[in-house]
Amino acid sequence: QRPCTSDAMRPPSLLLSAFTAAICLGSPRRLATRSSRAMGRLRGGWNTWGSGGGSSWNANTQGTQNPFGGGASASAGMSKKPHNPEGDPEIPSPPSDGITDMSFSPSTSTFGGKFLVASSWDKTIRCWEVSGGGQQQGVGQQVQAVARSQKSANSPLLCCGWSSNGGAILYGGCDGVGYMWSLQNQQVIPVARHSAPIRKIFWSDIPRPCVITASFDGTVKFWSAPFNGVPFHTITTPGKVHAIDVRGSVLVVGTSEKKLVIYNLNDLSRPFKEKFSPLKSQIRSIGVFSDQSGCCIGAIEGRVSVENLKDQDASKNFAFKCHRVNTQTNSPNKCEVYPVNDIAFHPAGTLATVGADGTFCFWDKDAKSRLKVSGRSSIPFSSCCFNHDGTLFAYAACYDWHQGHVSAPKFSGTQPSAIMIRPTRNEATPKPPTLAPTSYRW
481 QRPCTSDAMR PPSLLLSAFT AAICLGSPRR LATRSSRAMG RLRGGWNTWG
531 SGGGSSWNAN TQGTQNPFGG GASASAGMSK KPHNPEGDPE IPSPPSDGIT
581 DMSFSPSTST FGGKFLVASS WDKTIRCWEV SGGGQQQGVG QQVQAVARSQ
631 KSANSPLLCC GWSSNGGAIL YGGCDGVGYM WSLQNQQVIP VARHSAPIRK
681 IFWSDIPRPC VITASFDGTV KFWSAPFNGV PFHTITTPGK VHAIDVRGSV
731 LVVGTSEKKL VIYNLNDLSR PFKEKFSPLK SQIRSIGVFS DQSGCCIGAI
781 EGRVSVENLK DQDASKNFAF KCHRVNTQTN SPNKCEVYPV NDIAFHPAGT
831 LATVGADGTF CFWDKDAKSR LKVSGRSSIP FSSCCFNHDG TLFAYAACYD
881 WHQGHVSAPK FSGTQPSAIM IRPTRNEATP KPPTLAPTSY RW
């Protein structure tokens, strides 16, 4: 079966139509307002974050039709469902197609609060405000999510992110164009351009405030204001970019040639390190450590490799199996392996993985132990992320195309796309040695 990367993510007909789509969203509606008034109206009487290419939504009017579709808000107390075996609170009005990426707003957000954005194959970028679930409020604190706004694009979207101050949302997709959506004045402008779909988009303040985009055209480009269509730096990678992560001054790229290219953003003149992936199969996901001292690499074979950046720490590198399902109880070595679709790091240094087997796991890489494994969902988990303080964990359930278009009717036709938010409490934090769970087989 072809993995969920590059052109295997969708049937060729859809990719062809995506490339012929218009490369700009047109002239969005501009709303002149200051950030304080914007936040007041956002939480007050009308949707200040208008939808530009889509419909606006009055968040305060009872009975008003939500352009996202579905109800306006949701809270804790969900019952367990086939796609949500943990019974975690579900985000209202999820995308109508596969969810490709998610991101929580940073701690320095201009508008305050906690916001979650998600990109989707349905050509929309959607935003929700999330409240509750903090550890300081106690175990009984409910998680509530309210749909706030959305934008429509001309092609399927593959990635999303935030500016460092939380005042703008970044997104890109199959038309090869990256966009910046200002939440203050509602302006959407193209900020990046590639000759193939954009796999990931980031904001970085190193080496200077800029947007970083990685594409299937085999390049990583750096763009800064005034965003005139010319990158100030371009990295050519050995193959298509299948996975990438940026944290602080560390940039790690995984390519279709199973190569890892690591850059120090303070010195873009040459790679800090370049090596082959220690895993035998194709790279699917990458996550940089919270302290920027290394990274984790996920592959389609149900395995994660822990890599330290410094040569003197190379002896600490190791790999472990995950997202595998035993098919025969009397033959533990026979199992089905699934892609590791996403890796997210908790501020405390632990990590989460989600896989096509429909489970999420929390891991303590330093103690080499698994902190938690979820029940198995009826559909794969495609993406995940922690909020800025690690008190909330969001994960998406939808078909990830790891079995190609043949299995699409089985998953997409009968199972919904959904986003769940789980209060982590102490599940994702390191445990004292005396309380640590039994070590998982690494």
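For what it's worth, my numbering labels the leading residue of the sequence shown as 481, then goes sequentially.
Every residue gets a Cβ at the ideal spot worked out from N, C-alpha and C, and that includes glycine.
Within the region 783 to 855, the runs of beta strand (DSSP E) at least 3 residues long that lie entirely inside it are, in chain order, 783 to 788, 798 to 801, 804 to 806, 815 to 817, 820 to 825, 831 to 835, 840 to 844, 849 to 853. Of the candidates K594, N746, S785, the residue whose Cα lies closest to the Cα of K848 is S785. Residue pairing from DSSP places V741 in a beta bridge opposite V733, E754.
Straight-line measurement puts the Cα of N813 at about 43 Å from the Cα of G612. Under DSSP, I605 shares a beta bridge with S599, K631. CA-to-CA, the gap between G855 and F707 works out to about 45 Å.
Within the DSSP bridge table, the entry for T717 names no partner. Within the region 851 to 907, the complete beta strand (DSSP E) segments at least 3 residues long are 861 to 866, 872 to 877, 898 to 903, listed from N- to C-terminus. In this structure P718 does not touch S704 by the C-beta definition: roughly 26 Å separates them, more than the 8 Å allowed. Comparing C-alpha distances from T871 to each of V710, K701, A828, Q792 shows the shortest one belongs to A828. Rounded to the nearest angstrom, the Cβ distance from Q630 to I605 is 6 Å, consistent with a contact under 8 Å. Residue state for A705 is assigned as coil, using DSSP reduced to three classes. As a beta-bridge residue in DSSP terms, R727 pairs with V730. Listed as beta-bridge partners of R688 by DSSP are no residues whatsoever. For L650, the secondary structure class from DSSP, reduced to helix, strand or coil, is strand. In the structure shown, E781 adopts coil according to DSSP, grouped into three states. Beta-bridge annotation (DSSP): R673 is paired with V657. Membership of L637 in the beta strand (DSSP E) is indicated by the continuous run 637 to 642. Bounds of any beta strand (DSSP E) do not take in S749, whose DSSP letter is neither H nor E.
A check of alpha carbon separations from V700 across V668, W661, G656, Q664 identifies G656 as the nearest. Apart from the 5 residues on each side of it in sequence, I715 sits with its Cβ closer than 6 Å to the Cβ of V700 in its chain, given in chain order. DSSP, read as helix, strand or coil, puts Q667 in coil. Ranked by Cα distance from V691, the first of S858, F595, I742, Y651 is Y651. In the displayed model, Q762 falls within coil according to three-state DSSP, outside both helix and strand. For S587, the CB contacts under 6 Å within the same chain, skipping 5 residues up- and downstream, are H868 in chain order. In the DSSP secondary-structure assignment, N564 is bridged to K561. The shortest C-alpha to C-alpha distance from D577 to any of T833, S635, G835, V710 is the one to S635.
Counted as a single uninterrupted DSSP element, the beta strand (DSSP E) harbouring F584 occupies residues 579 to 584.
For S611, DSSP records a beta bridge to Q624. Taking C-beta atoms under 8 Å as the contact rule, F842 and E787 fail to qualify, at a distance of about 20 Å.
Residue state for I571 is assigned as coil, using DSSP reduced to three classes. Around the C-beta of P912, fewer than 16 other C-beta atoms lie within 10 Å, and the residue is accordingly described as exposed. Remark: C-beta atoms of W661 and V671 do not approach each other more closely than 8 Å. Excluding sequence positions up to five before and after L831, its CB lies within less than 8 Å of the CB of G767, C776, I823, A824, F825, F842, W843, K845, all in the same chain and listed in chain order.
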